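Visitor:
In the UniProt record's numbering, the protein residues as written are 1 to 317.
(1) So, helix, strand or coil for residue 32, using DSSP?
(2) Judging by CA-CA distance, which residue of 77, 225 and 256 is the nearest neighbour of residue 201?
(3) List the DSSP bridge partners of residue 161.
(4) Residue range of the beta strand (DSSP E) that residue 61 falls in?
(5) Report the partner residues of residue 211 according to the DSSP bridge assignment.
(6) Is the region 222-234 touching the region 119-139 in the sense that three or more CB pairs, one from each, lie closer than 8 Å?
(7) Going by Cα to Cα distance, which pick from 98, 274, 268 and 116 is closest to residue 175?
(8) Leaving out five residues on either side along the sequence, give the residues of the same chain with a beta carbon under 7 Å from the beta carbon of residue 292.
(9) Counting pairs of beta carbons, one from the region 83-98 and one from the region 189-198, are three or more of them closer than 8 Å?
(10) Following the continuous alpha helix (DSSP H) through residue 285, name the residue where it begins and the one where it ends.
(11) Compute the Euclidean distance between the alpha carbons of residue 239 and residue 119, then round it to the nearest angstrom.
(12) Three-state secondary structure (DSSP) at residue 97?
(13) Evaluate residue 220 with the Cβ neighbour count: other Cβ atoms within 10 Å of its Cβ, from every protein chain shown; 16 or more gives buried, anything less gives exposed.
(14) Report the three-state DSSP secondary structure of residue 174 (helix, strand or coil).
(15) Can you list the alpha helix (DSSP H) stretches of 4 or more residues lying completely in the region 224-292, in chain order?
(16) Could you tell me the alpha carbon to alpha carbon distance between residue 60 and residue 162, rounded to whole angstroms?
(17) Grouping DSSP H, G and I as helix and E and B as strand, with all else coil, what is residue 150?
(18) Would residue 236 be called buried (16 or more neighbouring beta carbons within 10 Å of its own) or exposed?
(19) Could you name the residues of the same chain whose beta carbon sits closer than 6 Å to that of residue 302, not counting the 5 residues immediately before and after it, in chain order?
(20) Alpha carbon to alpha carbon, what distance is there between residue 222 and residue 106?
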């Protein structure tokens, strides 16, 4: 946690004149406002100019991890359909489980795509110029904090991501599996992604158990379109994949839900940052991420939640 004196670097203070003065490290702690003296500034000032454009991070590691994620889902799809369901003699069993698995897999990949290609809440890059700050016509006592890395006006609860090279509002963490930061605008899609991956992992594990039991009771040559050795290898690999991702995504899902309910991001918990924002109920925090009214749209990756158009943000001192 930076001290008030240290955080006085790269700040702009309203002087009650037409323009704004410049603060620097030499200004000392006397010019810094205390946290309770901060004045909210409209969210429109810090809305990313790329919010309506396609967002994609050109990070080699993230792109590779995202491709691996899709390939693993396609592998599970292949084994479930062509090793377990298509050879099954029970048509109802195949239709029901095939429909359920494919629906969950589709929602998982759609959630992954939305989480990856949605602006997580990036602050406009390079807008912390003297001319732009003067155009804000800051009132006496208003303070803005400038990020020295991306030269942007940095709002409270925003952190700079070294991979995205941007300041992200309510940044939780940078996830290479979705090749993006998890922030204010795409946390819903990341939560849905972890939930649906956990569900298809659990579903595939249950089907693998039933298929092994079925093959033990019946002839192995009749329970699959592949040879017995190939069938066993494919099922074991799927079992290992399902178990691994079930544990990983379940833990991540639980962590994200806890973070939303407590209204404290992963970075804020890690840095043990002092709470300077209003405390809300768990239900209000959930509604802020998934939408204002509870409905099935909460579970849809195609529904864009309203994160609060009228909400205001405070700049860090």
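By construction, the Cβ of each residue, glycine as well, lies at the ideal position given by its N, Cα and C atoms.
Every value quoted in this text rests on a predicted model; they were computed, and no experiment measured them.
Guide: Let's see:
(1) Residue mapping note: residue 32 aligns to position 32 of the chain shown, counting from 1. Low per-residue confidence applies at residue 32: pLDDT is 32, beneath 50, and the placement is therefore not dependable enough to give any value.
(2) What you label residue 201 is simply residue 201 of the chain shown in a count that begins at 1. Taking each of 77, 225 and 256 in turn and checking the Cα distance to residue 201, the smallest one comes out for 77.
(3) As a working mapping, residue 161 is identified with position 161 in the chain shown. Residue 161 has 166 as its beta-bridge partners, per DSSP.
(4) Position 61 of the chain shown, counting from 1, holds the residue named residue 61. Looking at the DSSP string, residue 61 is not in any beta strand (DSSP E); the run it does join, the alpha helix (DSSP H), is 60-79.
(5) Residue 211 sits at position 211 when you count from the first residue of the chain shown. Residue pairing by DSSP leaves residue 211 without any beta bridge partner.
(6) no
(7) Taking the chain shown and counting its residues from 1, the one referred to as residue 175 is at position 175. The shortest Cα separation from residue 175 among 98, 274, 268 and 116 belongs to 116.
(8) As a position in the chain shown, residue 292 is number 292, starting the count at 1. Excluding residues within five positions, the ones whose Cβ falls inside 7 Å are 306.
(9) no
(10) As a working mapping, residue 285 is identified with position 285 in the chain shown. 282-290 is the extent of the alpha helix (DSSP H) around residue 285.
(11) Here residue 239 is taken as the residue at index 239 of the chain shown, counted from 1. Here residue 119 is taken as the residue at index 119 of the chain shown, counted from 1. Cα-Cα distance, rounded: 35 Å.
(12) Working through the chain shown from its first residue, we reach residue 97 at position 97. If DSSP states are grouped into helix, strand and coil, residue 97 belongs with the helices.
(13) Mapped onto the chain shown, residue 220 falls at position 220. That one is exposed.
(14) Here residue 174 refers to the residue found at position 174 when the chain shown is read from its first residue. In the structure shown, residue 174 sits in a strand (DSSP, three-state: E or B).
(15) 228-262, 266-271 and 282-290
(16) Residue mapping note: residue 60 aligns to position 60 of the chain shown, counting from 1. Residue mapping note: residue 162 aligns to position 162 of the chain shown, counting from 1. In a straight line, the C-alpha of residue 60 is about 14 Å away from that of residue 162.
(17) Taking the chain shown and counting its residues from 1, one reaches residue 150 at position 150. Correct three-state label for residue 150: coil.
(18) Taking the first residue of the chain shown as position 1, residue 236 is located at position 236. Result: exposed.
(19) As a position in the chain shown, residue 302 is number 302, starting the count at 1. Counting only Cβ-Cβ distances below 6 Å, and skipping sequence neighbours, we find nothing.
(20) For the purposes of this step, residue 106 is taken as residue 106 along the chain shown, with counting starting at 1. For the purposes of this step, residue 222 is taken as residue 222 along the chain shown, with counting starting at 1. Spanning the two alpha carbons is a distance of roughly 30 Å.
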